[in-house]
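Numbering (my numbering), first residue to last: 5 to 120.
Just so you know, even glycine gets a beta-carbon here, dropped at the ideal spot from N, CA and C.
Take a look at the structure below.
Structure below.
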């Protein structure tokens, strides 16, 4: 599974596809307490994120820290990942583990605009 996480973090879409399709990986299975979608959102890998969603990734799944993929993308300033997640049904009304709303957690104006 570490190969899959490495591929996701580095945006190696072909490697991610190969791993998921040829090793029968459940895209919603946790790897060290986080789903593949969390890693893609956290590292701003929009192409991988879109692929995982097409393969059935749950866009509102929460990781071991109480963080959703969209919150990871918001915190890291990955506007395109936020947009993709919202277009695929992710909730924009969530809260960070400390109770901060997603819109208040966003620093970038373009992300705030997407969350309105």
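Mind reading off the beta-carbon distance from residue 44 to residue 12? Whole number of angstroms is fine, and I expect it under 8 Å.
5 Å
Under a Cβ-count criterion, where at least 16 other Cβ atoms within 10 Å of its own Cβ denotes burial, should residue 18 be classed as buried or exposed?
exposed
Pull up the DSSP beta-bridge partners for residue 72, would you.
66
Same chain, Cβ closer than 8 Å to residue 118, five either side skipped, listed in chain order
83, 86, 87, 90 and 96
To the nearest angstrom, how far is it from the Cα of residue 67 to the Cα of residue 98?
14 Å
Thinking residue 31 and residue 60 are a contact (beta carbons under 8 Å), I'd like their distance in whole angstroms, please.
6 Å
Taking just the CA atoms, how far does residue 57 sit from residue 34?
15 Å
Could you check the C-alpha separation between residue 46 and residue 112 for me, to the nearest Å?
15 Å
On the DSSP bridge list, what partners appear for residue 38?
35
Within its chain, find whatever has a CB closer than 7 Å to the CB of residue 29; leave out the 5 residues flanking it on each side and keep chain order.
8 and 23
Helix or strand or just coil, what does DSSP make of residue 99?
strand
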